[in-house]
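Student: Supplied in structure tokens, the structure appears directly below.
Residue numbers (my numbering): 231 to 612.
Given below as structure tokens:
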């Protein structure tokens with residue numbers, strides 16, 4: 231008889247104690263293994279942290295706040311989604327990076343070594359070729375590029391993906407959770423050593439470049455662009471779109487992204503907001519003076535993801551689950567294009583679980599408007 235590898239739970243109860251109990255019950259009252267959870271910021275986070283910590287007293291927990299949640303039943307909002315990983319198939323360990331600002335290569339190497347030692351001590355399977363990492367980062371820290379680059383240097387080829395925590399698009403406070411507390415200006419690195427076959431991957435739906443916009447004035451530290459083509463950034467962006475500046479919104483940003491070209495590929499740099507005082511644009515990802523931003527035409531968002539997942543299924547057979555970090559702007563696009571039924575079908579077919587992010591991570595890179603994840607097969611490594 232095949233043992234259960236993973237279980238999932240979702241609670242929409244707005245009471246943190248009741249929601250935590252529901253999650254615990256749905257996961258089968260686990261006393262071992264690892265639980266990863268994602269939650270809306272509608273919950274009082276101090277109370278939720280205490281409730282989750284008490285309920286899962288004998289299970290290691292890690293998670294973050296979101297801009298929406300994903301399950302195999304479709305999109306969720308204002309909920310808690312959790313996934314339990316059986317210790318029979320997954321050796322999982324988590325480390326907190328309590329200060330992104332002071333994160334160094336020495337710290338990164340120490341954290342990775344500790345994760346490796348913990349996973350190895352569980353004697354599940356060899357580390358090499360059987361291990362990946364997941365990163366969860368404060369989504370308003372503006373330090374993802376720095377952290378991911380350093381971590382990638384220490385990872386020694388271990389594939390890793392992740393997402394930046396959200397806050398229901400309030401753009402006020404984003405948190406990660408570790409050992410009973412929600413914290414800010416911090417990150418969590420989770421190492422997963424598994425008997426299951428898997429592949430870390432990413433997917434976007436950029437089709438082609440339309441027009442070039444040169445960043446002629448910017449502040450890299452705050453990710454703020456003051457000028458595009460020597461004009462106030464928001465005015466120039468609105469001009470290109472043919473809309474009034476007052477119409478610029480996350481919905482518009484999701485349908486008309488800007489991207490940078492690196493090594494022959496385009497990577498989206500999503501706009502976070504318009505700053506009305508000086509008509510500048512703040513971005514979710516790194517921007518600097520002198521870079522060229524391309525307005526890009528997008529292909530079908532469902533077809534691109536479906537095609538990627540089909541390829542993975544052909545390689546690995548049916549999924550146990552697809553653990554996903556999916557930009558909230560992709561969700562806005564899907565909702566505006568009335569594609570909810572299509573994405574729900576994909577999420578059900580491939581058992582997709584995860585959260586809507588303020589930024590996505592893949593092997594040391596910080597991206598926007600991208601789907602990053604790991605396809606975990608129901609088949610085991612021989």
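Beta carbons: idealized from backbone N, C-alpha and C, even for Gly.
1) Residue 502 to residue 489, Cα distance in whole Å?
2) Just checking, does the region 312 to 331 make contact with the region 231 to 243 on the three C-beta pairs under 8 Å criterion?
3) Within the same chain, show all residues whose beta-carbon is closer than 8 Å to that of residue 399, passing over the 5 residues directly before and after it, in chain order.
4) Under the three-state reduction of DSSP, which class applies to residue 277: helix, strand or coil?
5) Would you list, in sequence order, the uninterrupted beta strand (DSSP E) runs of no fewer than 3 residues that lie entirely inside the region 250 to 322?
6) I need the straight-line Cα distance from residue 279 to residue 416, nearest angstrom please.
7) Please give me, in chain order, every unbroken run of the alpha helix (DSSP H) with length at least 4 that falls completely inside the region 415 to 494.
8) Compute the Euclidean distance between the alpha carbons of residue 560 and residue 569, then round it to the nearest angstrom.
9) Skipping 5 residues on each side, what residues in its chain have a beta carbon closer than 7 Å to that of residue 275?
10) How would you label residue 258, buried or exposed, when you count the other beta carbons within 10 angstroms and need 16 or more for buried?
11) How would you label residue 365, buried or exposed, when you count the other beta carbons within 10 angstroms and need 16 or more for buried?
12) By how many angstroms is the C-alpha of residue 575 removed from the C-alpha of residue 458?
13) What are the start and end residues of the alpha helix (DSSP H) that includes residue 349?
14) Tell whether a beta-carbon distance below 9 Å holds between residue 583 and residue 302.
15) From the DSSP output, read off the bridge partner residues of residue 505.
16) Measuring alpha carbon to alpha carbon, tell me which of 247, 264, 246 ends up nearest residue 238.
17) Put residue 538 into one of helix, strand or coil per three-state DSSP.
18) Would you be able to state if there are at least three C-beta pairs under 8 Å between the region 516 to 528 and the region 440 to 449?
19) Of the residues 524, 601, 403, 498, which one's Cα is nearest the Cα of residue 430?
20) Quick check on residue 329: does DSSP put it in helix, strand or coil?
21) Just verifying my parser: in three-state terms, what is the DSSP assignment at residue 359?
22) So, with DSSP's three-state summary, where would you put residue 374?
23) Is DSSP giving residue 581 helix, strand or coil here?
24) Using the beta-carbon count (16 or more within 10 Å), is residue 611 buried or exposed?
25) Use the C-beta contact count for residue 453: other C-beta atoms within 10 angstroms, 16 or more gives buried, fewer gives exposed.
26) Can you name, in chain order, every residue of its own chain whose Cβ lies under 7 Å from the Cβ of residue 428, other than the five neighbours on each side?
27) Near residue 439, what residues of its chain come up, given a Cβ to Cβ distance below 6 Å and the 5 sequence neighbours on each side ignored?
28) Relative to the alpha-carbon of residue 492, which residue among 595, 300, 281 has its alpha-carbon at the smallest distance?
29) From the DSSP output, in three-state form, read off residue 571 for me.
30) Would you call residue 347 buried or exposed, if buried means 16 or more other Cβ atoms sit within 10 Å of its Cβ?
31) Do residue 422 and residue 349 have their C-beta atoms closer together than 9 Å?
32) Spatial neighbours of residue 532 within its chain, please: CB distance less than 8 Å, with the 5 preceding and 5 following residues excluded, ordered by chain position.
33) How big is the Cα-Cα spacing for residue 511 and residue 384?
34) Which first and last residues belong to the alpha helix (DSSP H) in which residue 562 is found?
35) Just to check my reading of the structure: residue 262 and residue 288 have Cβ atoms closer than 8 Å, yes? What is that Cβ distance to the nearest angstrom?
Tutor: Judging by the given coordinates:
1) Locating residue 502 in the chain shown gives position 272, counting from the first residue. Locating residue 489 in the chain shown gives position 259, counting from the first residue. Taking the straight line joining both Cα atoms gives about 14 Å.
2) yes
3) By one-based count along the chain shown, residue 399 stands at place 169. Cβ neighbours of residue 399 beyond the five flanking positions: 297, 480, 558.
4) As a working mapping, residue 277 is identified with position 47 in the chain shown. Of the three classes helix, strand and coil, the one that applies to residue 277 here is helix, per DSSP.
5) 264 to 269, 290 to 295, 299 to 301, 304 to 306, 310 to 315
6) The residue labelled residue 279 in the question sits at position 49 within the chain shown. The residue labelled residue 416 in the question sits at position 186 within the chain shown. For residue 279 and residue 416, the distance between alpha carbons rounds to 16 Å.
7) Whole alpha helix (DSSP H) segments, 4+ residues: 463 to 471, 480 to 485.
8) As a working note, residue 560 is residue 330 in the chain shown. As a working note, residue 569 is residue 339 in the chain shown. Separation of residue 560 and residue 569 (C-alpha to C-alpha, rounded to the nearest whole angstrom) is 11 Å.
9) Stepping through the chain shown from its first residue, residue 275 is reached at position 45. Closer than 7 Å at the Cβ level, and outside the excluded window around residue 275, lie 405, 412.
10) For the purposes of this step, residue 258 is taken as the residue at position 28 of the chain shown. That one is exposed.
11) Here residue 365 refers to the residue found at position 135 of the chain shown. When all chains shown are included, residue 365 counts as buried.
12) In the chain shown, the residue the question calls residue 458 occupies position 228. In the chain shown, the residue the question calls residue 575 occupies position 345. C-alpha separation (whole angstroms): 40 Å.
13) By 1-based counting over the chain shown, the position of residue 349 is 119. Residue 349 -> alpha helix (DSSP H) spans 335 to 351.
14) Residue mapping note: residue 583 aligns to position 353 of the chain shown, counting from 1. Residue mapping note: residue 302 aligns to position 72 of the chain shown, counting from 1. Contact: yes.
15) Within the chain shown, numbered from 1, the residue matching residue 505 stands at position 275. Residue 505 pairs with 510.
16) Stepping through the chain shown from its first residue, residue 238 is reached at position 8. It is 264.
17) Residue mapping note: residue 538 aligns to position 308 of the chain shown, counting from 1. Three-state result, residue 538: helix.
18) yes
19) In the chain shown, residue 430 corresponds to position 200, counting from 1. Nearest C-alpha to residue 430: 601.
20) Translated into the one-based positions of the chain shown, residue 329 becomes position 99. Reduced to three states, the DSSP call for residue 329 is coil.
21) Within the chain shown, numbered from 1, the residue matching residue 359 stands at position 129. Judged by DSSP in its simplified three-state form, residue 359 adopts coil rather than helix or strand.
22) Taking the chain shown and counting its residues from 1, one reaches residue 374 at position 144. Three-state result, residue 374: helix.
23) In the chain shown, counting from the first residue as 1, residue 581 sits at position 351. Secondary structure at residue 581: coil, using DSSP grouped into helix, strand and coil.
24) Position 381 of the chain shown, counted from the first residue, corresponds to residue 611. Counting Cβ neighbours within 10 Å, residue 611 comes out exposed, since fewer than 16 surround it.
25) The count along the chain shown starts at 1 and reaches residue 453 at position 223. Per the 10 Å Cβ criterion, buried.
26) Residue 428 sits at position 198 when you count from the first residue of the chain shown. 362, 604, 605, 606, 607.
27) In the chain shown, residue 439 corresponds to position 209, counting from 1. By the criterion of a C-beta distance shorter than 6 Å, residue 439 is surrounded in its chain by 524, 526, once the five residues flanking it on both sides are discounted.
28) As a first step, residue 492 is located in the chain shown; it is residue number 262 there, counting from the start. Measuring from the Cα of residue 492, the nearest candidate turns out to be 595.
29) Indexing the chain shown from 1 puts residue 571 at position 341. Residue 571 falls in the helix class under three-state DSSP.
30) On the chain shown, position 117 is the one that residue 347 refers to. Residue 347 should be labelled exposed.
31) The residue you call residue 422 lines up with position 192 of the chain shown. The residue you call residue 349 lines up with position 119 of the chain shown. Yes, these two residues count as a Cβ contact at 9 Å.
32) As a working mapping, residue 532 is identified with position 302 in the chain shown. Contacts found: 564, 569, 572, 573, 576.
33) In the chain shown, residue 511 corresponds to position 281, counting from 1. In the chain shown, residue 384 corresponds to position 154, counting from 1. For residue 511 and residue 384, the distance between alpha carbons rounds to 33 Å.
34) For the purposes of this step, residue 562 is taken as residue 332 along the chain shown, with counting starting at 1. Here the alpha helix (DSSP H) through residue 562 covers 558 to 566.
35) Here residue 262 is taken as the residue at index 32 of the chain shown, counted from 1. Here residue 288 is taken as the residue at index 58 of the chain shown, counted from 1. Right, their Cβ atoms sit about 7 Å apart.
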